[in-house]
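Residue numbers (this note's numbering): 41 to 134.
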């Protein structure tokens, strides 16, 4: 299998959600949650949740893809309702 096909298959069928950890205030903490997508022949990351150190707030810059929402709705109807009711671009203090 050529490398591009392998990367596409991994992106579409194996790894869907990625977590980024970083040193924040001297501790290793979750800083970003992203959804991996295969777009226009390359891997793209849809920023679902990101921690902004400067404000101390979590922001939700993008929503899940339609493909991810279909999977969530099939396996977790309550979680799907929570996601679909939240607004893109919101921020939450922590």
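Even glycine gets a Cβ: it sits at the ideal position worked out from N, Cα and C.
query                                                                             : result
Which residues DSSP lists as bridging residue 66, in chain order                  : None; residue 66 has no bridge partner.
C-alpha gap between residue 104 and residue 125, whole angstroms                  : 12 Å
The beta strand (DSSP E) enclosing residue 106, as first and last residue numbers : Not the beta strand (DSSP E): residue 106 falls in the alpha helix (DSSP H), residues 106 to 115.
Cβ-based burial, residue 76 [other Cβ within 10 Å; buried from 16]                : buried
Straight-line Cα distance separating residue 109 from residue 99                  : 19 Å
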